[in-house]
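Mapping the sequence shown onto our numbering, position 60 (from 1) lands on 73, and the numbers just tick up by one.
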Amino acid sequence: MRCLVANWKMNLLSASAGAFCDALLADPSLAGSSGCQLGIAPPFTLLKQVSEAVRGRRISVFGQNARAEAEGAYTGDISMAMLKDAGCAGVILGHSERRRLGGETDALLAAKLQAAWDAELLPLLCIGETLEEREAEQTFPVLQRQLSILGPKPGPLWIAYEPVWAIGTGRRAEAKQIQEAHAYIRAELMTRMDEAAWRVPILYGGSVAPDNFAELLQIPEVAGGLVGGASLDPAKFMAMAKTAAKTEE
Ligand code: PEP
């Protein structure tokens, strides 16, 4: 299965999100059985609007974050159940911007992961090393630590390998670096999930764009992409969706 997820981050308002969905839904290639599972992760304010717009299509809506607690005095935050209630099928967890800017630790993410499963949301767990960690040859230990929150018997999930130095920089990781990291992640999953590990799609994220997506999908173990900047333009997003559908695994 190919997967392509748009991470809108803190971008778009209701008018631009509506125009995005209109453009997406008007594209004839989206009708019928597209060979690609599409996802959109809008900001909280647009979740319901986007969920309603894409209902019945092969497009899942993801939250970009939520708290682990089920409810309570957490001004400004929302729960996994609230994401579900707004129409989400999944939630992005552990994005490097939340780890870095929101101080999210692996312990906190372990609690969020469990909360997502409890709410029957599909977690899209982001992992990846910083440039300093790569240069210090710490990439695999970092991935191992970030994956350790899965525990011995993880529930259903998707993973995105996102080297931090490739996010929003225009510097996509090299094919060999991506292949090695994805193979490492698959092997780590195998130790926990046996055969079920093969059903976990491992996406790549970090400066994915229409002009490099086809090459990316040739790399073994790359199921698709988690896309930030290039996902804000419906024409670019659809171009990548078509590329993915053509190269269905
Ligand atoms: C991201 O934020 O998950 C991401 C991959 O961003 P970009 O595509 O802009 O590098």
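Beta carbons: idealized from backbone N, C-alpha and C, even for Gly.
Asked                                                                                          : Found
The ligand PEP heavy atom lying under 7 Å from the CB of Lys-97                                : no
Element boundaries [alpha helix (DSSP H), containing Leu-121]                                  : 119 to 131
Closest by C-alpha distance to Val-213, when choosing among Ile-198, Gly-100, Pro-223, Val-221 : Ile-198
Nearest-angstrom Cα separation, counted from Gly-168 out to Val-155                            : 21 Å
Continuous alpha helix (DSSP H) stretch holding Val-63: start and end                          : 60 to 67
From Leu-144, Ser-161, Ser-29, residue whose alpha carbon lies closest to that of Leu-126      : Ser-161
Cβ pair count under 8 Å reaching 3, the region 93 to 109 against the region 122 to 137         : yes
Host alpha helix (DSSP H) of Val-155 (start-end)                                               : 152 to 160
Own chain residues within Cβ distance below 6 Å of Glu-117, not counting five before or after  : Arg-111
Beta-carbon proximity check, Met-253 vs Leu-17, cutoff 8 Å                                     : yes
Extent of the continuous beta strand (DSSP E) to which Cys-139 belongs                         : 135 to 140
N- and C-terminal bounds of the beta strand (DSSP E) containing Gln-197                        : Rather than Gln, the amino acid found at residue 197 in this sequence is Tyr. Counting along the chain, Tyr-197 falls outside any beta strand (DSSP E), though it belongs to the alpha helix (DSSP H) covering 188 to 206.
Separation of Met-206 from Ala-66, as counted between CA atoms                                 : 35 Å
Buried/exposed call for Tyr-174, threshold 16 Cβ in 10 Å                                       : buried
Three-state class that DSSP yields for Ala-222 in the structure shown                          : coil
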